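Enquirer: Top line first, the protein sequences correspond to chains A and B. Using our numbering, the final residue of the first sequence is 1192, and nothing's skipped along the way. Using our numbering, the final residue of the second sequence is 319, and nothing's skipped along the way. Ideal Cβ placement from N, Cα and C applies to all residues, glycine included. Bear in mind the structure is a predicted one, so any value in this text is a computation, not a measurement. Take a look at the following structure, please.
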Amino acid sequence: MITKRIIPCLDVKNGRVVKGINFENLGDVDSPVRLAEYYSRCGADELVFYDITASAEGRELFTDILCKTAEKVFIPLTVGGGINTVEDFDRVLKCGADKVSVNSGAIRNPDLIGQAAKLYGDQCVVISADVKRVDGVFRVFAKGGRENTGMEAIEWIRRCVGNGAGEVVLNSIDTDGVKKGFDLEMLEKVCDAVSVPVIASGGAGCADDFITLFKTLPKVDAGLAASIFHFGEVGIGELKKKMAENGIPCRIQENGNV
Amino acid sequence: MIAIIDYGVGNLFSLKSSFAAIGAEAQVTADINVIDRASHIILPGVGAFSDAAAKLRDSGMAQAVIDRAGAGKPLMGICLGMQLLFDKSYEYGEFEGLGLIEGNIRPISDVIPESFKIPHIGWNSLEFKKNSPLFKYIKNGDYVYFVHSYYAADCDDSVSAVTDYGASLTASVERGNVFGCQFHPEKSGDVGLNILRAFCEIGVSE
Chain A
935 MITKRIIPCL
945 DVKNGRVVKG
955 INFENLGDVD
965 SPVRLAEYYS
975 RCGADELVFY
985 DITASAEGRE
995 LFTDILCKTA
1005 EKVFIPLTVG
1015 GGINTVEDFD
1025 RVLKCGADKV
1035 SVNSGAIRNP
1045 DLIGQAAKLY
1055 GDQCVVISAD
1065 VKRVDGVFRV
1075 FAKGGRENTG
1085 MEAIEWIRRC
1095 VGNGAGEVVL
1105 NSIDTDGVKK
1115 GFDLEMLEKV
1125 CDAVSVPVIA
1135 SGGAGCADDF
1145 ITLFKTLPKV
1155 DAGLAASIFH
1165 FGEVGIGELK
1175 KKMAENGIPC
1185 RIQENGNV
Chain B
114 MIAIIDYGVG
124 NLFSLKSSFA
134 AIGAEAQVTA
144 DINVIDRASH
154 IILPGVGAFS
164 DAAAKLRDSG
174 MAQAVIDRAG
184 AGKPLMGICL
194 GMQLLFDKSY
204 EYGEFEGLGL
214 IEGNIRPISD
224 VIPESFKIPH
234 IGWNSLEFKK
244 NSPLFKYIKN
254 GDYVYFVHSY
264 YAADCDDSVS
274 AVTDYGASLT
284 ASVERGNVFG
294 CQFHPEKSGD
304 VGLNILRAFC
314 EIGVSE
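Right under this line is the structure:
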């Protein structure tokens, strides 16, 4: 039976993992390679590397870190951040990324998703949407959640999937960093709108938030979080155990010998 | 040495790294001399069947692979590489594969319930159908990572494991020294590395 995926997200800046509360006040956590190995060992189903570097040197550093991680970690890796062209896809795929998530790049260039899907397949292209309620309407935000694009979010996501995005990461800015649970209302709307896998992001504060997510919305395929994993507030092994006890299908990792 | 066939399809970085992780020497190559020297052959692949099949033929690698497999060298196809081992695919038309394993590649939408999403993405468990040498270091029920929208059909005799996605889908196949995995062993954690390790230990068949 297909399992629900648990995905730690590593925000990487200048070669280091950081995590902010509501995208601000970034604090340093650990080396991406070491964190990735650690997560892979304790049963993470996939990893997301999000490059929040702005400079060209930072970009190079990121690519280097990605290669070093992909040499050691044998679970799927998704890369996002700074993906604006198909050349950017090429750059990270050559370093061992399996999927590439686009956000602002797809907002600036609506053809990007279609071009990338044609070259690398739908399964490779992930639309990552930062969404926030503005006067009761779900709006898409760009530039790491700082800029309201004015676009209605559900229709935008539907269009991205129509153009070839094979997965959706829905990050609710309203619940991000608040640690009171995922944005179930927003997630349900997206699940109803698209037929590809949906990954919930933003708001997990404890293991029960994942149980509530998968119990309430069985159509959600995966839960993504950062700080609660990085700071050890939720252990992935314990979370999986709790999911299994609640009848949620998940992959329980045994410490294998290779 | 393991030869990973390079015919311009997909990303071979993780595959090469995973052999390094189990201490096996692997070379990404489109050189027939290297393939001849190799003890084992890996046929990778992602993307569309017709495009990959054409590239495999045009590069001369199709015949090279068929000849070496025919001579008994262990061959493993991964994901689209597995699908290419079959007679035919019905992905956006009707296209010839390598014909090393009898059967056809068909859309999973033919057999799975409508409520199941396509592609089949994620970790799913293996149900063994045969006592395959590939499973030497893993257990029935172990999880591996899948990403696919098509599956191998009409090949019951060759199926070594299936996975349940609303329907029983071919997860791995074998026929003599020719093996195939629909899932990605290079992305399936320790279970995947153990499958690759078992493959490396398979000897040349006479």
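Drop a sphere of 10 angstroms on the beta-carbon of Ser-974 of chain A, count the other beta-carbons inside from all chains shown, and report buried for 16 or more, exposed for fewer.
Expert: With 16 or more other Cβ atoms within 10 Å, it is buried.
Enquirer: Which residue marks the beginning of the alpha helix (DSSP H) containing Cys-268 of chain B, and which one marks its end?
Expert: Careful: Cys-268 of chain B lies outside any alpha helix (DSSP H) and carries neither H nor E.
Enquirer: Are there 16 or more other CB atoms within 10 angstroms of the CB of Gln-1187 of chain A, so buried, or fewer, so exposed?
Expert: When all chains shown are included, Gln-1187 of chain A counts as buried.
Enquirer: In whole angstroms, give me the CA-to-CA distance for Leu-309 of chain B and Lys-1002 of chain A.
Expert: In a straight line, the C-alpha of Leu-309 of chain B is about 21 angstroms away from that of Lys-1002 of chain A.
Enquirer: What is the residue span of the alpha helix (DSSP H) that Ala-1141 of chain A lies within?
Expert: Run containing Ala-1141 of chain A: 1141-1150, per the alpha helix (DSSP H) assignment.
Enquirer: Which stretch, first to last residue, makes up the alpha helix (DSSP H) that contains Thr-997 of chain A?
Expert: That run of the alpha helix (DSSP H) goes 990-1004.
Enquirer: Identify the contact partners of Leu-211 of chain B in chain A, using a Cβ-Cβ distance below 7 angstroms as the criterion.
Expert: Under the 7 angstroms cutoff, chain A gives no residues; its nearest Cβ is about 21 angstroms from Leu-211 of chain B.
Enquirer: His-153 of chain B bridges to which residues according to DSSP?
Expert: B:Ile-115.
Enquirer: Who are the Cβ neighbours of Phe-957 of chain A in its own chain at under 6 angstroms, not counting the five residues just before and after it?
Expert: Confidence is the limiting factor: at Phe-957 of chain A the pLDDT is only 37, short of 50, which leaves the residue's position unreliable and the question unanswerable from this model.
Enquirer: Hey, could you find the ends of the alpha helix (DSSP H) Arg-1185 of chain A is sitting in?
Expert: Run containing Arg-1185 of chain A: none; DSSP gives neither H nor E here.
Enquirer: So that I know if they touch, is there some Cβ in chain B lying closer than 8 angstroms to that of Asp-979 of chain A?
Expert: Asp-979 of chain A counts as touching chain B.
Enquirer: So for Tyr-973 of chain A, helix, strand or coil by DSSP?
Expert: Note: Tyr-973 of chain A maps to helix in three-state DSSP.
Enquirer: Under 8 angstroms: do the segment 1065-1076 of chain A and the segment 1086-1105 of chain A share three or more Cβ pairs, one atom per stretch?
Expert: A contact exists between the segment 1065-1076 of chain A and the segment 1086-1105 of chain A.
Enquirer: Excluding five sequence neighbours on each side, which residues of the same chain lie with their C-beta closer than 8 angstroms to the C-beta of Leu-1053 of chain A?
Expert: Answer for Leu-1053 of chain A: Val-1020, Phe-1023, listed in chain order.
Enquirer: Inspect the CB distances between the segment 158-165 of chain B and the segment 132-145 of chain B and report whether three or more fall short of 8 angstroms.
Expert: They do not touch, by the three-pair rule.
Enquirer: Contact criterion: CB-CB distance below 8 angstroms. Does Val-275 of chain B meet it with respect to chain A?
Expert: No, Val-275 of chain B lies away from the interface with chain A (no Cβ there is under 8 angstroms from its Cβ).
Enquirer: Can you say whether Asp-303 of chain B is buried or exposed, counting buried as having 16 or more other CB atoms within 10 angstroms of its CB?
Expert: The residue is buried, with at least 16 neighbouring Cβ atoms inside 10 Å.
Enquirer: If I measure Cβ to Cβ from Ile-315 of chain B and keep anything under 6 angstroms in the same chain, skipping five residues before and after, which residues do I get?
Expert: The residues are Pro-187, Pro-246.
Enquirer: Can we say the segment 1106-1116 of chain A touches the segment 1125-1137 of chain A, given the rule of at least three CB pairs closer than 8 angstroms?
Expert: The segment 1106-1116 of chain A vs the segment 1125-1137 of chain A: in contact.
Enquirer: Can you tell me which of the three DSSP states Tyr-120 of chain B falls into?
Expert: Correct three-state label for Tyr-120 of chain B: coil.
Enquirer: Please check the pair Tyr-203 of chain B and Leu-169 of chain B, which I expect to be a contact at CB under 8 angstroms, by giving their CB distance rounded to whole angstroms.
Expert: At roughly 18 angstroms, the Cβ-Cβ gap does not stay under 8 angstroms, so Tyr-203 of chain B and Leu-169 of chain B are not in contact.
Enquirer: Measure the alpha-carbon distance for Ser-273 of chain B versus Gly-212 of chain B and round it to whole angstroms.
Expert: Going from the Cα of Ser-273 of chain B to the Cα of Gly-212 of chain B covers about 18 angstroms.
Enquirer: Per DSSP, which residues does Asn-1105 of chain A bridge with? Please list them.
Expert: DSSP lists A:Asp-1064, A:Ser-1135 as partners of Asn-1105 of chain A.
Enquirer: Keeping to the same chain, check which residues put their C-beta closer than 8 angstroms to that of Ala-280 of chain B; ignore five residues upstream and five downstream.
Expert: So the list reads Ile-221, Val-224, Ile-225, Pro-226, once near-sequence residues are dropped.
Enquirer: Please report the straight-line C-alpha distance between Ala-284 of chain B and Val-952 of chain A, rounded to a whole angstrom.
Expert: Each residue's Cα considered, the two are about 38 angstroms apart.
Enquirer: Taking a Cβ distance cut-off of 7 angstroms, strictly less, list which residues of the segment 1111-1135 of chain A are near chain B, in chain order.
Expert: So the list reads Ser-1129, Val-1130, Pro-1131, given in the order they occur along the chain.
Enquirer: Kindly say whether Gly-194 of chain B, judged by its beta-carbon, lies nearer than 8 angstroms to any beta-carbon of chain A.
Expert: Closer than 8 angstroms: no.
Enquirer: Report all residues from its chain with a CB closer than 6 angstroms to the CB of Asn-237 of chain B; omit the five preceding and five following residues, and keep chain order.
Expert: So the qualifying residues of the chain are Phe-259, Thr-276.
Enquirer: Contact criterion: CB-CB distance below 8 angstroms. Does Cys-1140 of chain A meet it with respect to chain B?
Expert: Not closer than 8 angstroms to any Cβ of chain B, the Cβ of Cys-1140 of chain A fails to qualify, so no.
Enquirer: Verify whether the separation of the beta carbon atoms of Val-1103 of chain A and Val-1060 of chain A is less than 8 angstroms.
Expert: Cβ atoms of Val-1103 of chain A and Val-1060 of chain A: closer than 8 angstroms.
Enquirer: Listing by chain order, which chain E residues have their CB less than 7 angstroms from the CB of Tyr-205 of chain B?
Expert: Of the chains in the structure shown, none is chain E; the protein chains are A and B.
Enquirer: First and last residue of the beta strand (DSSP E) that includes Asp-255 of chain B?
Expert: Note, Asp-255 of chain B: premise wrong, no beta strand (DSSP E); not H, not E.
Enquirer: Is it buried or exposed, Ala-133 of chain B, if we count other Cβ atoms within 10 angstroms and call 16 or more buried?
Expert: Under this definition Ala-133 of chain B is an exposed residue.
Enquirer: Roughly how many whole angstroms lie between the Cα atoms of Thr-997 of chain A and Ile-231 of chain B?
Expert: Each residue's Cα considered, the two are about 31 angstroms apart.
Enquirer: Closest Cβ-Cβ distance between Lys-230 of chain B and chain A: below 8 angstroms?
Expert: Closer than 8 angstroms: yes.
Enquirer: With 8 angstroms as the threshold, decide whether the Cβ of Ala-143 of chain B is near any Cβ in chain A.
Expert: So no, Ala-143 of chain B is outside the interface.
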